[in-house]
Each structure stands twice: as C-alpha cells, then as structure tokens.
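Let me begin by presenting the structure, written as structure tokens, before commenting on it.
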Amino acid sequence: MTDIISQAEKLSEKEFKTIDAIAYKNQAKVLAAFQKHKIAARHFAGSYGYGYDDIGRNGLCALFSETFKSEDSIVSPLIASGTHAISSVLYGLLRPGDRFLSISGKPYDTLEDVISGQNNGSLKNFGIDFDFIDLTQDSQFNVDKILSSIKATDYKLLFIQRSRGYNWRKALSIAQIETIIGEIRKVSDIPVVIDNCYGEFVETKEPTEVGADIIVGSLIKNPGGGLAATGGYISGKKELIEQISYRITAPGIGFEVGSYAHGYREYFQGFFMAPHVTAQALKGSVLFGRVFDLLGYETLPKPNEQCGDIIRSIKFNTKNELISFCQAIQAASPIDSFAVPEPYDMPGYNEPVIMAAGTFVQGSSIELSADSPIKEPYIAYFQGGLTYEHVKIAVKQCAECLKRNV
-3 MTDIISQAEK LSEKEFKTID AIAYKNQAKV LAAFQKHKIA ARHFAGSYGY
47 GYDDIGRNGL CALFSETFKS EDSIVSPLIA SGTHAISSVL YGLLRPGDRF
97 LSISGKPYDT LEDVISGQNN GSLKNFGIDF DFIDLTQDSQ FNVDKILSSI
147 KATDYKLLFI QRSRGYNWRK ALSIAQIETI IGEIRKVSDI PVVIDNCYGE
197 FVETKEPTEV GADIIVGSLI KNPGGGLAAT GGYISGKKEL IEQISYRITA
247 PGIGFEVGSY AHGYREYFQG FFMAPHVTAQ ALKGSVLFGR VFDLLGYETL
297 PKPNEQCGDI IRSIKFNTKN ELISFCQAIQ AASPIDSFAV PEPYDMPGYN
347 EPVIMAAGTF VQGSSIELSA DSPIKEPYIA YFQGGLTYEH VKIAVKQCAE
397 CLKRNV
C-alpha cells in the first residue's frame, strides 16, 4: 500500500503545487484584512448581556466582509449550523406569497423541512413556494431553462448550492458561478444567495467577489480553520444583511446585540489559519482520489480535475464496502477512534445515514470525516483533515481495511 500512496503523491505534484499557490494568495488576503482592521488582543474578550458595541463580534464581521469583498457580514458563534444560517437568510428575505428558485437542483437534505415541512413553521407553512432546476448531467447550469423561468415567474430569490450534497456531481466553481450570475443580470436583478459551505478558500475568490448577493457558511467547516467550536456566517449586500439580521434576533434590533461570554480568540485564530487548513484538506482530498482511483474505484472529482470544494466522493460496489470505509475513517481519527459508527436515522435525512467523525469539534467537517446515506449508488462523501500527514495515514488504513474486508 505504501507504494501506491507514493505513486499517488507523485502523480499529484501538479495539483499540490496549485493548491499551495491558492493558499498563499488567500493567506495574504486574510492577513491584510487583520492588519487593515487593526485586530488586537482586546478583540478576543467576551461580552455580556445585550452585547452592545461588542468589538470582538464587530471585528469578526469586518474581517469576513473585507476578505470576501462584501458590504457587510453577520458572523456569530450563536448560529448553530450551516442549515441554521441558510434558513435565517430565507426567512429574512422572503415574505408570504413569495416564490424562490434553486438553480442547482434540490438543496441539501436538511433544508427539506425548512422549505416544505408540514406544520413545523416551514416556508411552505408561511405561504412561500419553491421550485428547482437540476444541473445538467455534466454539472453545468441549465442556462436556457433558468433564464426562461426567471422571465416567466416573479421569483424573489435565487438559490445556489455550491457543494454537491448527497449527489454524484462536482462542486460548482467560481467561474461557473460568475458566468451564470452574469447571464441572470442580463434579465433580472433578483438576489442570488449561495450556500458556500465547503468552498471557502478553495479558490482565490469567493462568490461575493463575482456577483453573488449573499453567501452563507458554517464556522466548523473551512472558515473556522479547525479551531472555531461552533458558529456560522452570512456575508453580502448591506441592505440584505440588515433584513436577515432581523431574523437572527428581532425586527428593529438586528445585529446590534448578541453577546458571547466565552470570547472570540479561537474564531479570529481559526479564520487566520483557514487558508492553510483548507489547503491541507484539499491535498488530502486529492490524495484519497488518486489512491482510490489506482485501486479501481470511481471518484469525483476525477484525477487531474480541479476541486471546487473539500469533498471527495468515492463510489463503492456494495453497502458493506461503504460502511467499512466509514468505519475505517473513524478508526483513523484522533478522537473516539475506538467507536464503530453504524447507519442510523438522523433528523433531517430521508434514509439512514452513517457518519464517521472522530473530531475535536463535534461534527466538524474541516476535520477528517466521512458520511453517506445508505442507498444505491453507494457513495462515501469524504472531507477534511487538519493536516495532510493525518490524511496520508488515514488513506493507508482505509485502503488496507477495504482489502481485508472485500
């Protein structure tokens, strides 16, 4: 197995060099933001009560806005997850009688109850309707159908999911996003909201730099750098951020309040580390892709294809192979390595899901992790790795485990 890994590393030298160059540019961008906004030790302190004039909270928001070239941001440990952040955007910008459109297919499973749940306070319960247009078979936007739908229907918001969810497709690139927004702007100024989870710092630009009105993500993925213990962010146009802030807290109050007594040091430090940690995860993804391709498994992205996010999809032949792979990821983890994950019914998912995440932060998918719904085709969605060295150890253990069990 060592020979295969060495071969995979040799074949991946070009991709590794590209990833390093992207990380360098992103690190320079983040450092410049810290310096411009004069971030100091005083920003790390927590706040109490209402949290008026919380310089830590305000400093984090300024850093994200500066780095992502947006007008304003909401960055908070009080946002529980990416789904919480996205739902806050949808509830903040849509009103009863409105209709919105996803142009990258059906959103991730955990948004299903948010959009169309029964008697749970969903958007549907509030009289907000939803349509979606699938991507083409080669993971491209269906431009003609999108434009004709926008012209024919008074949509109030367009939604794009950058990552793949539980689908066999590539993540969307910044170039694809820039192109489709350019086409949309020829016919409409409708707000474009992008679920940016798993995509931050993968390229040298973020969607807000190419025309997106709002981007949303989780701090226990890429932008938290493996140090953020919780939280999420929403970044984009100032007038839209204001409307969303009324949903985060209350109308008329917005993001003027919101204390966090624990303090913000790990959020600042995590954001500073994020370009490097994301690069480590990307290198690990490339290595996993190469090794499993050499072992005869189909992976996505394919070898030599650019990554659009940190996720690597690996297609297995049987359910047992898929489960063995996820169990091997857990066994290769630093935390709870002794645990044996099994498929189970999780809130927000339609099928039993297996999740391997022996992580320092529960559910942190910038750390080494893998998950999958138990259904055909049997695809594992692997992501994360705080260090390339850890991922290299893990790929060896996973390949050896599959060899023993197949």
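Heads up: the sequence shown is residues -3 to 402, going by the numbering used here.
Ideal placement from N, C-alpha and C gives every residue a C-beta, glycine not left out.
Since the model is a prediction, treat every value here as computed from it, not as a measurement.
For residue i, the three-state DSSP class (helix, strand or coil)
i       : result
Ile176  : helix
Glu199  : coil
Val357  : coil
Met(-3) : coil
Ala36   : coil
Val336  : coil
Ala171  : helix
Ser77   : coil
Gly101  : coil
Ser281  : helix
Val391  : helix
Gly220  : helix
Ser320  : helix
His386  : helix
Glu238  : helix
Tyr20   : helix
DSSP bridge partner residues for residue i (one or two, in chain order)
i      : result
Gln157 : Asp191
Tyr377 : Ser309, Asp367
Glu294 : Lys311
Arg95  : Asp125
Asp68  : Gly232
Met351 : Asp367
Ile325 : Ile325 pairs with nothing; no bridge assigned.
Val212 : Asp191, Ile230
Cα-Cα separation between residue i and residue j, rounded to whole angstroms
i      : j      : result
Gly221 : Ile237 : 24 angstroms
Ile156 : Asp191 : 6 angstroms
Ala395 : Ile306 : 20 angstroms
Ser2   : Cys397 : 18 angstroms
Thr226 : Gly381 : 17 angstroms
Leu89  : Phe268 : 30 angstroms
Gln136 : Ile142 : 12 angstroms
Glu372 : Asp105 : 16 angstroms
Met351 : Ile82  : 22 angstroms
Tyr480 : Pro271 : This structure leaves residue 480 out entirely; the chain is present only between -3 and 402.
Glu205 : Gly178 : 12 angstroms
Glu262 : Leu215 : 11 angstroms
Ser145 : Lys25  : 38 angstroms
Asn401 : Leu291 : 14 angstroms
Pro339 : Pro348 : 5 angstroms
Pro411 : Thr355 : Limits of the chain in this structure are -3 at one end and 402 at the other, which puts residue 411 out of reach.
Asn163 : Glu252 : 39 angstroms
Inter-residue CB distance, residue i and residue j (contact presumed, cutoff 8 angstroms)
i      : j      : result
Tyr194 : Ser159 : 4 angstroms
Ser184 : Gly47  : At roughly 38 angstroms, the Cβ-Cβ gap does not stay under 8 angstroms, so Ser184 and Gly47 are not in contact.
Arg53  : Ser84  : Not quite, the Cβ-Cβ distance comes to about 16 angstroms (not below 8 angstroms), so this is no contact.
Tyr151 : Phe64  : With 8 angstroms as the limit, Tyr151 and Phe64 do not qualify as a contact, their Cβ atoms being about 25 angstroms apart.
Gln326 : Ser333 : 7 angstroms
Subject >> At least 3 beta-carbon pairs within less than 8 angstroms: the region 7 to 15 vs the region 35 to 45 >> reply: no
**OP:** Specify whether the region 121 to 138 and the region 55 to 70 touch according to this definition: at least 3 beta carbon pairs, one from each stretch, less than 8 angstroms apart.
**Re:** no
Original post:
If we count Cβ pairs, one from each stretch, closer than 8 angstroms, do we get three or more for the region 302 to 322 versus the region 371 to 379?
Top reply: yes
**OP:** Decide if the region 195 to 210 is in contact with the region 170 to 178; the criterion is three or more beta carbon pairs, one per stretch, under 8 angstroms apart.
**Re:** yes
**OP:** Could you say if the region 316 to 334 and the region 365 to 374 meet the contact criterion of at least three C-beta pairs nearer than 8 angstroms?
**Re:** yes
Original post:
With contact counted as at least three CB pairs below 8 angstroms, one residue from each stretch, are the region 271 to 288 and the region 101 to 119 in contact?
Top reply: no
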